[in-house]
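Participant: If you scroll down you'll find the structure; I have some questions about it.
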Amino acid sequence: MKKALLLLFLSVFLTKTYAQDYFPINESVQNKSKNYTVFTNATIYVTPTQKIEKGTLLIQDGKVVAVGNNVTIPKNSITVDLAGKTIYPSFIDIYTSFGVEKPKANITRGRDRNPLYDTKRVGYYWNESVRPEVNTYETFKYDQPKAEELLKAGFGVVGTHIPDGIAQGTGILVALNNTENNKQIIANKVTNHFAFTRSALTNQAYPSSLMGMMALLRQMYLDLDWYKKGNSETKDLSLEALANNEKLVQIFATEDKLNSLRAAKIAKEFGLSYVLKGSGNEFERIEEIKNTNAKYIIPISFPEAYDVSNPYLSNQIELADMRFWNQAPTNLKVLSDNGIVFALTTDKLKKTEDFKPNLLKAIKYGFDKTKALEALTTIPAAILGKSNEVGSLKTGSYANFIITSGEVFDEKTVLYENWVQGTKYVVNDVNAKDIRGNYDLTVGKDVYKWKIDGTVDAPKSEITTADAKKLKNTFSVSKNWISLLIKPADTIKSNYSRLTGFIENPGNLSGKAVLSNGDELVWTALKTSAFVAVKDSAKADKPNVIIPTTFPNVAFGDTKKLTAQTLLFKNATVWTNEKEGVLTETDVLIKNGKIAAVGKNLSDASATVIDAKGKHITSGIIDEHSHIAISRGVNESGHNSTAEVTIQDVVNSEDINIYRDLAGGVTISQLLHGSANPIGGRSAIVKWKWGSSPDEMLYKNQPKFIKFALGENVKQANWGIDNPTRFPQTRMGVEQVFTDYFQRAKEYDESWKKFNAASKKGKAPRVDLELQTLAEIINKERFITCHSYVESEILMLMNVAEKFNFRVNTFTHILEGYKVADKMKEHGVGASTFSDWWAYKFEVNDAIPFNGPIMHNEGLVVAYNSDDAEMSRRLNQEAAKAVKYGNISEEDAWKFVTLNPAKLLHIDDKVGSLKVGKDANVVLWSENPLSIYAKAEKTIIDGVVYFDIEKDAEKQNAIAKERSLLIGQMLQEKNKGMNTQQPTRKEKKEYHCDTMEQ
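Residues -19 to -1, 1 to 979, numbered by mature numbering (1 follows the signal peptide of the UniProt record, and there is no 0), are exactly what the sequence shown covers, in order.
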């Protein structure tokens, strides 16, 4: 026994000695060991696909010297026999904040809490969320406790950075070498980081929205190009850093599948190659994710099941959230099956030890084990361009590897050691012997049955007497030393027998026992049968039935993408919105996404025939002013002019309000920026193609529009005390903003025309997206939709427009238009208004329900808009109010929500009426569409039926069944003792003109 102890001690001591340098003071006097360490008889994975049985791994000075079956072992080698063990390359996580102090929010409180509109930094970029000059290595501090967590999970190398701002600066590559500080940082600058997040270190107001962040990124890259060409007369340290870091790996943290598409859009515009750090929901838009052609970094932080034991609380959970819990474990398989290259990260895990269980769960749901190993080794190494150094055990690589008891992704496998740069970190004792099995235990004259099970690294003990009584015992094994406390039957509480012994032969254990009375004697345990793993039926359950992904993957999504049909509606009442007027007993043929024919007795052998007798067919409703389906902010309120931002960047294709609009017959909407500033952002005209991607929803080749605003919102009269300092503060100031910006835009446009006329010689003007957009208005290439109420301001903006020789296109939700309808007609502006809103704030006290009809009778193009998620579902009823309040004919009233908004949006050549050759944007109504009893039975866009009232009923039944299935699965999770989360109601923010993002 003493000999065994001595050998064990020498083995540990020698391994430690040759795995590290004890005097890292000065290279000239350092006593470096040149000995080799050789691992023999192991199963070695050189790479995930190169496996060596009974192989040899030779390392020296932190590097792999040789690996294979015929390795020559030098004389000065320390040999470790790993028979029955497996060696893998250590894992790599390239997206962490390891060793980085989280930036503290620099939000000033009290009277000085007002936001900044200009930077106080001198010599840096004008926006403080752009911080590419930040270098992680300058403030990095090695975090040993966190390193040990990662080492225990199998990681040997991590990439880390400071996650703050939009352009976040450079990241470093760190070896988790807990002993040699001078070797820990492998690369000072290896990555360059970006995200859709503001910096916590600034009070600067801009950007306050996602669309503002995207616009800022565009401006930053344009400025970088301009700066690199030598056009700037001053030095900018931020742009210098951007230029210097262009060849680094560019990592963009998107944290959502739609944001990944947005980042990829920026990359495409500027010829960039981002590695996209995703969120785990990529499977929901896998086709679009694949089309980005980007590499990804994917977290495996799966949501916990909801505690649905209370039926009232469970009703608060949205189906999309329940479904995501069910589907999330399949994400890695879906990505892999679609050929998407990705690395894995521990980011977003509540605790590092959840990494392996979550990965095993993904494997249980179909993720290939070899692909998993690649995603943790060779792929992250290749992404960083470090394949020759990390990620494999090829000759010359760092000696970063883990030693396991078997296949690394087996639940029972024990991780023994994690070697990083040749330095050993012990997770579990590699020399631990497997003593599991059934024994006859003899202590003096007493004989017991002793069952040892559990795992090799954490065995469990059960002791019974000859008459099958279980005895209380405490059992542990450390470095092959057994410690066992037994409470004999029928003795006082404090009496225990204490057994110790060293494991030499797992089949025949022995040692010293000290009985409760103090007597000392020898105990023995003879193995009577081997350990047989019993499958735990509570844990070894089959994977849950996975709910099929829908388009979109929320309630009322479709199981497959919808396609255009050939449809023939027979014998309907047809509202053409053309000179033919309303036709009775008329047919409408839809083919190839267009209106193919309108008339009687039509036929088409390829068409699905629909009996529409007694029903009405109209063109689809068009909402000129909507704020639904917008991600992370309808207002970019950071500046008084934000013409550079566009709603097209932030369309949310998964907003349930899209489906609700379709159920109300709406086929097209203009998504407008809010009214927080006089000059807002550019709009998005969308076709509500439910299930399609955001870009697929955008109206093709759409006219260019921008949102302006007048009134109380822009002068901050109703913002409270939080933001009272931004100019303008008065209606006079609003006019001055317009005049100043248009004058600047005019001069900007002239400078470019002069530069181009000179064959682009000399220094180029700086591209300014804001002024470029405003110049388009002056050049009659972009059109203004202006939020308006008060007569005086309406006249003011028309005067400003005429001063710069253009006209305002639309005054939207205009409520005092009836006062100045003649002036509006003279100017040539259209009107989009509310039917009967008034008195909801001071500046609308003069609103009247006859406003729309009066402007119409004056000869203006008049539309009714919603500006509201609820109202947009019943714009047909809003149109009917024009009949009630103004004696407008039904046909003209219907045009208020169809043809007239199409005219205001300059798309009436394609939509807005039922005319042969126009887009098949059609609604089948159960009766007169102006009736409050009318229901949209089918809503069709470009020949695709996106809403069908009969299928809607089927979907509602399917949703109820799906919820029941998912609730059953979640109840099973709770019954198994798995962690659950409490149901919470998600309050969805419905955007209006004045909604401010927090």
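The beta-carbon is built from N, C-alpha and C at its ideal position, and this holds for glycine as well. Just so it is clear, the structure is predicted and the values come from calculations on it, not from any experiment.
Go to H808, then tell me how far its alpha helix (DSSP H) extends in each direction, as first and last residue.
Facilitator: Here residue 808 corresponds to residue number 827 of the sequence shown, with the count starting at 1. Per DSSP, H808 belongs to the alpha helix (DSSP H) from 802 to 808.
Participant: On the three-state DSSP scale, how would you describe W733?
Facilitator: Numbered from its first residue, the sequence shown carries residue 733 at position 752. In the structure shown, W733 sits in a helix (DSSP, three-state: H, G or I).
Participant: So within the stretch 631 to 685, which uninterrupted alpha helix (DSSP H) runs reach at least 4 residues, ignoring any that extend past its ends?
Facilitator: 637 to 644, 675 to 678
Participant: So, for E285: in the same chain, excluding its five sequence neighbours on each side, which residues have a beta-carbon less than 6 Å away from its beta-carbon?
Facilitator: Start at 1 with the first residue of the sequence shown, and residue 285 comes out as number 304. If we look at E285 and ignore the five residues flanking it on each side, its Cβ neighbours are N960, T961, Q962.
Participant: Using a 10 Å radius around the Cβ and a threshold of 16 neighbouring Cβ atoms, would you call K520 buried or exposed?
Facilitator: For this step, residue 520 is matched to residue 539 along the sequence shown. With a pLDDT of 49 at K520, under the threshold of 50, the modelled position of this residue cannot be trusted; read the value that follows with caution. Exposed, by the Cβ-count rule.
Participant: With 16 other CB atoms within 10 Å as the buried threshold, where does L895 fall?
Facilitator: The residue you call residue 895 lines up with position 914 of the sequence shown. The residue is buried, with at least 16 neighbouring Cβ atoms inside 10 Å.
Participant: Is Y770 buried or exposed, if buried means 16 or more other CB atoms sit within 10 Å of its CB?
Facilitator: Looking up residue 770 in the sequence shown gives position 789. Looking at its Cβ environment, which holds 16 or more other Cβ atoms inside 10 Å, Y770 is buried.
Participant: According to DSSP, what are the bridge partners of P280?
Facilitator: The residue you call residue 280 lines up with position 299 of the sequence shown. In the DSSP output, where bridge partners are listed per residue, P280 has T326.
Participant: Compare the beta carbon distance of A844 and L885 with 8 Å and say whether it is the shorter of the two.
Facilitator: Residue 844 sits at position 863 when you count from the first residue of the sequence shown. Residue 885 sits at position 904 when you count from the first residue of the sequence shown. Yes. Within cutoff.
Participant: Who are the Cβ neighbours of N57 in its own chain at under 8 Å, not counting the five residues just before and after it?
Facilitator: Here residue 57 is taken as the residue at index 76 of the sequence shown, counted from 1. Leaving aside the five residues that flank N57 on each side, the residues in its chain whose CB is nearer than 8 Å to its CB run, in chain order, K15, N16, Y17.
Participant: Considering just the uninterrupted stretch of the alpha helix (DSSP H) at residue 993, what are its terminal residues?
Facilitator: Given a span of -19 to 979 for the chain in the structure shown, any question on residue 993 remains unanswerable.
Participant: Would you mind working out which of Y397, S378, N226, A234 sits nearest V46, comparing C-alpha positions?
Facilitator: Position 65 of the sequence shown, counted from the start, is the residue given in the question as residue 46. With distances taken between CA atoms, V46 lies nearest to S378 out of Y397, S378, N226, A234.
Participant: What number of angstroms, rounded off, separates the C-alpha of S386 from the C-alpha of F20?
Facilitator: Here residue 386 refers to the residue found at position 405 of the sequence shown. Here residue 20 refers to the residue found at position 39 of the sequence shown. The straight-line gap from Cα to Cα measures roughly 14 Å.
Participant: Taking a contact to mean a Cβ-Cβ separation below 8 Å, would you say L679 touches V615 in this structure?
Facilitator: If you number the sequence shown from 1, residue 679 lands on position 698. If you number the sequence shown from 1, residue 615 lands on position 634. No, these two residues do not count as a Cβ contact at 8 Å.
Participant: Ignoring anything shorter than 4 residues or poking outside the stretch 473 to 542, list the alpha helix (DSSP H) runs there in chain order.
Facilitator: none
Participant: Give the secondary structure of D204 by DSSP, where H, G and I count as helix, E and B as strand, and everything else as coil.
Facilitator: By one-based count along the sequence shown, residue 204 stands at place 223. Of the three classes helix, strand and coil, the one that applies to D204 here is helix, per DSSP.
Participant: Can K696 and T720 be called in contact, C-beta distance under 8 Å?
Facilitator: In the sequence shown, counting from the first residue as 1, residue 696 sits at position 715. In the sequence shown, counting from the first residue as 1, residue 720 sits at position 739. Taking 8 Å as the Cβ cut-off, K696 and T720 do not qualify as a contacting pair.
Participant: Looking only at its chain, what residues have a beta carbon closer than 6 Å to the beta carbon of K865, apart from the 5 residues adjacent to it on each side?
Facilitator: Residue numbering aside, residue 865 sits at position 884 when the sequence shown is read from its first letter. Excluding positions up to five away in sequence, the list is empty.
Participant: Are three or more beta carbon pairs between the stretch 837 to 851 and the stretch 615 to 630 nearer than 8 Å?
Facilitator: no
Participant: By the three-class DSSP mapping on this structure, what secondary structure does Y106 have?
Facilitator: Sequence index remark: in the sequence shown, residue 106 carries index 125 (1-based). Reduced to three states, the DSSP call for Y106 is coil.
Participant: As an exercise, report each continuous alpha helix (DSSP H) stretch of at least 4 residues that is fully enclosed by the stretch 813 to 894, in chain order.
Facilitator: 832 to 838, 856 to 867, 871 to 876, 880 to 885
Participant: Would V563 and E872 qualify as a contact pair, given that the criterion is a beta-carbon distance under 8 Å?
Facilitator: As a first step, residue 563 must be located in the sequence shown, where it is residue number 582. As a first step, residue 872 must be located in the sequence shown, where it is residue number 891. Yes, they are a contact pair.
Participant: Using alpha carbons as the reference points, say which of H808, K551, K66 lies closest to D568.
Facilitator: Stepping through the sequence shown from its first residue, residue 568 is reached at position 587. Of H808, K551, K66, the residue nearest in Cα terms is K551.
Participant: Here's the rule I'm using: 16 or more other beta-carbon atoms within 10 Å means buried, otherwise exposed. How should L643 be labelled?
Facilitator: The count along the sequence shown starts at 1 and reaches residue 643 at position 662. Classification of L643: buried, given that the 10 Å Cβ count is 16 or more.
Participant: Please state the DSSP three-state secondary structure of Y770.
Facilitator: Sequence index remark: in the sequence shown, residue 770 carries index 789 (1-based). If DSSP states are grouped into helix, strand and coil, Y770 belongs with coil.
Participant: Just to confirm my understanding: we take K970, look at its own chain, exclude 5 residues before and 5 after, and list those with CB closer than 6 Å. What are they?
Facilitator: The residue labelled residue 970 in the question sits at position 989 within the sequence shown. Correct list: empty, nothing qualifies.
Participant: For E129, which residues of its own chain have a beta-carbon under 8 Å away from its beta-carbon, when the five flanking residues on both sides are left out?
Facilitator: Here residue 129 refers to the residue found at position 148 when the sequence shown is read from its first residue. Cβ within range, chain order: N159, Y406.
Participant: Look at the alpha carbon of V81 and the alpha carbon of I527, and state the distance between them as a whole number of angstroms.
Facilitator: Looking up residue 81 in the sequence shown gives position 100. Looking up residue 527 in the sequence shown gives position 546. Straight through space, the alpha carbons of I527 and V81 are spaced by roughly 39 Å.
Participant: Quick one: is T359 buried, meaning 16 or more other Cβ sit within 10 Å of its Cβ, or exposed?
Facilitator: By 1-based counting over the sequence shown, the position of residue 359 is 378. Around the C-beta of T359, 16 or more other C-beta atoms lie within 10 Å, and the residue is accordingly described as buried.
Participant: With C-beta atoms as the reference, is R613 less than 8 Å away from L191?
Facilitator: One-based indexing of the sequence shown puts residue 613 at position 632. One-based indexing of the sequence shown puts residue 191 at position 210. Their beta carbons are under 8 Å apart, which means R613 touches L191 by this criterion.
Participant: Distance check for I687 and residue 1059, CA to CA, integer angstroms please.
Facilitator: Here the chain comprises residues numbered -19 to 979, so residue 1059 is not present and cannot be evaluated.
Participant: Report the CB separation of T589 from T547 in whole angstroms; it is logged as a contact under 8 Å.
Facilitator: On the sequence shown, position 608 is the one that residue 589 refers to. On the sequence shown, position 566 is the one that residue 547 refers to. The pair is a contact, with the Cβ atoms about 7 Å apart (cut-off 8 Å).
Participant: Once you ignore the five residues that flank T791 on each side, which residues in its own chain have a CB closer than 6 Å to its CB?
Facilitator: Taking the sequence shown and counting its residues from 1, one reaches residue 791 at position 810. These residues qualify, in order along the chain: T766, G811, S813, L885.
Participant: Determine the burial state of R966: buried for a count of at least 16 other Cβ atoms within 10 Å of its Cβ, exposed for fewer.
Facilitator: To locate residue 966, count along the sequence shown from 1; it is residue 985. Counting Cβ neighbours within 10 Å, R966 comes out exposed, since fewer than 16 surround it.
Participant: Are I639 and V878 touching if we call contact CB-CB under 8 Å?
Facilitator: Your numbering for residue 639 matches position 658 in the sequence shown. Your numbering for residue 878 matches position 897 in the sequence shown. No, the Cβ-Cβ distance between I639 and V878 is not below 8 Å.
Participant: Strictly by DSSP, which residues pair up with I940?
Facilitator: Against the sequence shown, residue 940 aligns to sequence position 959. BP columns for I940 are empty, so no partner.
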